[in-house]
Amino acid sequence: MHPRTFRHAVLSLTLAAATVLASTAAPAQARPDDARQTTQAAPSGVGPVFSATDRLAREVAAALAEPVTRNRVVAAVAAGPVDLLTARLNPRADRAVQSTNRAVLGAKGLPAATGSVLQLRLGHEDMAAALSRAEIPLVAAASTDDAVAGVVGYDPAGGRVILDPVRLPGRPVLVVEVNVAKAMRWGLVQLREELTVRGLTSVKAAVTTQAGYWATKVNAIRLNDDKEPWVKGGAEIFNVVGGFGLDGKATVNIVEMPYLDNDGTVYYPNQLLVHFNNYKYNLADVVMWEDDGDTNYRDLAKALITALLTIVDYGTYTPLVNALIDAMPDSWWTDDPDYVDSWYTLSTASSGRLHGAAANGWMDVAPYWVQQL
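The numbering of the sequence shown is this note's numbering, which starts it at 10 and goes up by one.
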């Protein structure tokens with residue numbers, strides 16, 4: 010859902026304007042020849058999450074060949090996303106859901122206590138009319154790759170259909186995907202716990218002598234438009250806010266932006282992003298990330314810890330952005346990077362519109378005095 014950049018461009022901060030993709034209106038309806046039957050499915054997503062959900066999509070489609078099951082599931086999906094662990098498809102499909110859920114939890118570095126993270130949703134709201142006419146839907150997996158060449162839809166009758174990733178197909182599609190909002194909540198809890206154990210995040214506010222402290226407030230924020238596959242699920246945004254703690258050690262805080270659903274839309278959150286009461290210097294950096302299904306939070310925690318433990322305070326502020334980005338696993342920069350944008354050296358005086366270093370978005374910020382009670 011959000012703009013992507015190549016790693017070398019991110020690190021050099023010399024992204025060309027061509028990396029900002031043109032905005033699009035709602036997907037157009039596909040002509041009949043935009044979907045073709047094929048005997049070879051070649052999903053472009055090769056990550057473990059997509060591989061697992063793509064296999065599950067085929068099983069779900071097979072379960073929908075039974076009319077009673079199909080009618081029940083379709084009616085439920087028409088009302089909103091359905092938890093696949095409770096969907097009661099058939100014994101074979103239910104076993105596949107359970108094993109896939111375990112595989113996805115492992116691929117995302119999430120504990121078993123997370124529970125179900127798989128759901129089934131309607132591919133696009135404009136498909137609801139076709140469902141109401143009892144048209145038999147295809148089933149596809151949500152891609153974690155923005156550059157997907159084709160969407161593989163599985164027919165309950167056993168066939169495969171390659172669909173245009175941009176234009177909506179005339180036939181309704183049910184999408185198997187990760188419940189990213191739930192996965193991110195659990196993932197960030199785990200991430201914060203691991204950072205806290207290593208002493209790399211602020212666990213409580215420092216005592217101030219001025220009955221308050223300065224923070225940076227986000228008044229408005231916008232990410233640039235891109236041209237994404239209709240099958241792709243919503244991403245969840247979070248920020249790694251880094252600086253030097255009062256002890257001189259590099260430290261980060263994780264700040265979520267759950268409202269940031271769509272590119273090309275201005276949001277007015279009035280959200281506090283940087284709290285300067287825990288920082289040695291009057292400066293902090295922000296790196297924005299997304300989870301659109303494939304983020305491994307265990308890998309993220311390890312990468313952040315590795316990066317932060319190697320940063321040295323030389324008595325003057327050193328930006329943390331490059332170190333944090335450079336520490337990310339190589340897999341985060343193939344097919345579908347989770348990096349969105351970054352903002353360098355925000356201070357207590359930062360005000361006005363600040364464009365991200367990767368030119369993928371902007372924030373309107375202002376200083377904010379947090380009064381102690």
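No residue lacks a Cβ here, since even glycine has one placed at the ideal position from N, Cα and C. Predicted model only: the values in this text are computed from it and were never measured.
Using a Cβ-Cβ cut-off of 6 Å (strictly less than) and excluding sequence neighbours within five positions of Asp229, which residues of its own chain qualify?
-> The question names Asp, but residue 229 is Ala in the sequence shown. Result list for Ala229: Val275, Tyr277, Asp373, in chain order.
Classify Tyr377: buried if its beta carbon has 16 or more other beta carbons within 10 angstroms, exposed otherwise.
It counts as buried.
Review point. Near Asp300, what residues of its chain come up, given a Cβ to Cβ distance below 6 Å and the 5 sequence neighbours on each side ignored?
Key: Here the set comprises Val189, Met193, Glu245.
Distance CB(Val283)-CB(Thr225) smaller than 7 Å = Result yes, Cβ atoms of Val283 and Thr225 sit closer than 7 Å.
*With DSSP as the reference, label Arg79 as helix, strand or coil.*
For Arg79, the secondary structure class from DSSP, reduced to helix, strand or coil, is helix.
* To do: Label Leu281 either buried or exposed according to how many other C-beta atoms from any shown protein chain fall within 10 Å of its C-beta, with 16 as the threshold for buried.
  => Around the C-beta of Leu281, fewer than 16 other C-beta atoms lie within 10 Å, and the residue is accordingly described as exposed.
(request) Would you mind sorting Asn80 into buried or exposed? The rule is 16 or more other CB atoms within 10 Å of its CB. (result) Taking all protein chains in view, the Cβ of Asn80 is surrounded by fewer than 16 other Cβ atoms within 10 Å, so the residue is classified as exposed.
Find out if the Cβ-Cβ distance for the pair Leu129, Val86 is shorter than 7 Å.
Yes, Cβ-Cβ distance for Leu129 and Val86 is below 7 Å.
Item to complete: Return yes when the Cβ of Leu94 is within less than 7 Å of the Cβ of Ser60, no when it is not.
Response: No, Cβ-Cβ distance for Ser60 and Leu94 is not below 7 Å.
How is the alpha helix (DSSP H) around Pro146 delimited, first residue to last? No alpha helix (DSSP H) contains Pro146, which DSSP labels as neither H nor E.
Judging by CA-CA distance, which residue of Ser351, Leu127, Leu313 is the nearest neighbour of Val184?
Per the Cα distances, Leu127.
Practice problem: Output the distance between the C-alpha atoms of Ala150 and Asp350, rounded to the nearest integer angstrom. | Solution: Ala150 and Asp350: Cα-Cα distance of roughly 27 Å.
Nearest-angstrom beta carbon gap, Ala139 and Pro181 [assumed within contact, 8 Å]: The beta carbons of Pro181 and Ala139 sit about 4 Å from each other, so the pair counts as a contact at 8 Å.
*Let me know the secondary structure DSSP gives Pro52 once reduced to three states.*
With a pLDDT of only 41 at Pro52, under the threshold of 50, the placement of this residue in the model should not be trusted; the figure read from the coordinates follows. Note: Pro52 maps to coil in three-state DSSP.
* To do: Have a look at Leu147 and Ala70 and give me their C-alpha separation to the nearest angstrom.
  => Straight-line Cα distance between these residues: approximately 7 Å.
In terms of residue numbering, what span does the alpha helix (DSSP H) encompassing Pro100 cover?
-> Segment 100–116, the alpha helix (DSSP H) holding Pro100.
In whole angstroms, what separates the C-alpha of Thr210 from that of Val175?
Spanning the two alpha carbons is a distance of roughly 41 Å.
| field | Collapsed DSSP secondary structure at Thr260 in the structure displayed | value | Residue state, collapsed to three classes: strand.
task = Report all residues from its chain with a CB closer than 8 Å to the CB of Trp371; omit the five preceding and five following residues, and keep chain order.
result = Excluding its 5 nearest sequence neighbours in each direction, Trp371 has C-beta neighbours in its own chain below 8 Å: Ile230, Arg231, Arg362, Leu363, His364, Gly365, listed in chain order.
My assumption, with CB atoms under 8 Å, is that Trp352 sits in contact with Asp294. Please give the rounded CB distance. About 7 Å separates the beta carbons of Trp352 and Asp294, which is inside the 8 Å limit, making them a contact pair.
Run the CB neighbour count on Ser141, radius 10 Å, all protein chains shown included, and call it buried at 16 or more, exposed below.
-> Under a 10 Å Cβ-count criterion, Ser141 is classified as exposed, with fewer than 16 other Cβ atoms of the shown protein chains found around its own Cβ.
- For Gly361, does the three-state DSSP call read helix, strand or coil? Correct three-state label for Gly361: strand.
Taking 7 Å as the cut-off, decide whether the C-beta atoms of Thr153 and Gly251 are in contact.
Inclusion of Thr153 and Gly251 in the CB contact set at 7 Å is not warranted, their separation being larger than that value.
*Around the C-beta of Asp164, are 16 or more other C-beta atoms found within 10 angstroms, so that it is buried, or is it exposed?*
Per the 10 Å Cβ criterion, buried.
Using the Cα positions of Val249 and Ala367, report the straight-line distance between them to the nearest angstrom. One alpha carbon belongs to Val249, the other to Ala367, and they sit about 16 Å apart.
Requested in this report: Check whether the Cβ atoms of Asp322 and Phe247 sit closer than 7 Å, and answer yes or no.
Outcome: Cβ atoms of Asp322 and Phe247: not closer than 7 Å.
Exercise for the section: Can you tell me the Cβ-Cβ gap for Glu186 and Gly242, rounded? I've got them flagged as a contact below 8 Å. Expected result: Sure, about 4 Å apart at Cβ, within 8 Å.
For Ser356, which residues in the same chain have their Cβ closer than 6 Å to its Cβ, ignoring the five residues on either side in sequence?
Residues of the same chain with a CB within less than 6 Å of the CB of Ser356, apart from the 5 flanking positions on each side, are Asn291, Leu292 in chain order.
_Continuous beta strand (DSSP E) stretch holding Pro376: start and end_ = Run containing Pro376: 370–380, per the beta strand (DSSP E) assignment.
Exercise for review: Determine the DSSP secondary structure at Leu127, reduced to helix, strand or coil.
Suggested key: Strand.
For Ala166 and Ala74, which I take to be in contact (beta-carbon distance under 8 Å), what is that distance rounded to the nearest angstrom? The beta carbons of Ala166 and Ala74 sit about 7 Å from each other, so the pair counts as a contact at 8 Å.
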